[in-house]
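Sequential numbering from 1 applies to the sequence shown in UniProt numbering.
A short worksheet on the structure shown next.
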Amino acid sequence: MIHSRIEPVVDSQLPREQAGFGRGRSTADQVTLLCQDIKDSFQNNEKAGVVYLDLTAAYDTVWHRGLHLKLLRTIPDRHMVKFIMETLSNRSFILQTSSGQCISRKYGYADDLAIMLSRPTWKAMEEGLNEDMGTLVAYLRRWRLQLSVGKSVAAAYHLSTREARRELQVHVDNKCLKVQQAPKYLGVCLDRTLSFKQHLEEIKAKVTSRVALIRRLAGTTWGASAKTLRISAQALVFSAAEYCAPVWSRSPHARKTYCRHLLSETRAWMSQC
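So this is what it looks like as structure tokens:
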């Protein structure tokens, strides 16, 4: 009831970078957008630096008075706001995440946040990202949210093999963020050149183990019912195999690494059910 009442008002005011809780928005949209922006930087002969932010207990440490203020600014009904705050008296909820004036592009899905900046040189990219991280940290402190420096990571994306081992230098409170070669964003491994080789290998290993599990349940004279096998295959196998497929489906490694034969075998079982 509350959602249906406030959705038309809130949706129009959420930052377009925030895809969480929005109708028709999904994690695949955000991953696709980030990857497309990185590929655009490749086309412009630039390097892209991305910082993946991790908030410490984002939902458990929301500043309720600050949230109350944001709700009053967003929803033109004080009685509705009061009712919402009463329901949250012993719970936590975050409505939106936004930064101040940053030059980096921002990507958010609930509390999974990332910022990306592309520049021709390493120096310009690092200076811009460090400046934006200062702005973001100040914003988070103002709203009493805490950035986990140990879990936040930085990554560089470019096509220069000669600089493959060059690490991005991004600092928060005089601490250098950890660098990863293929960090995960919303469940997808993004390697330096966006080849998705590592991600596809992980998918294959995950699907192989799940197909083996279902195979054990699909005996000719014993095992689970046809309905159970069909539901299990859809939930365990195809959900993992097809997650964010628009992002990596054109990868040159998709034909070599992807587990098409396993999916075909699973479809055969489903057709017989």
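Using N, Cα and C, we set each Cβ at its ideal position, and we do this for glycine too.
These numbers were taken from a predicted model, which means no experiment stands behind them.
- Taking all protein chains in view, the Cβ of Q30 is crowded by 16 or more other Cβ atoms within 10 Å, so the residue is classified as buried.
- Distance from V207 to A240 at the Cβ level is roughly 6 Å; contact confirmed, criterion being Cβ atoms closer than 8 Å.
- Counting along the chain, D37 sits inside the alpha helix (DSSP H) bounded by residues 27-43.
- Inter-segment contact for the region 153-173 and the region 124-144 is present: three or more beta-carbon pairs are separated by less than 8 Å.
- When DSSP states are grouped into helix, strand and coil, I214 belongs to the helix group.
- K47 is positioned such that its CB atom lies closer than 9 Å to that of S160.
- With three or more CB-CB distances shorter than 8 Å, the region 149-157 counts as touching the region 48-55.
- Residue environment: R165 is assigned as exposed (fewer than 16 neighbouring CB atoms within 10 Å of its CB, all protein chains considered).
- One thing to note: R105 has its Cβ within 9 Å of the Cβ of E17.
- Rounded to the nearest angstrom, the gap between the Cα atoms of L186 and T27 is 6 Å.
- For the pair R216 and S232, the Cα-to-Cα distance works out to about 12 Å.
- The shortest CA-to-CA distance from A155 to any of R267, L200, A114 is the one to A114.
- Annotated as proximal: V237 and L263, with beta-carbon spacing under 9 Å.
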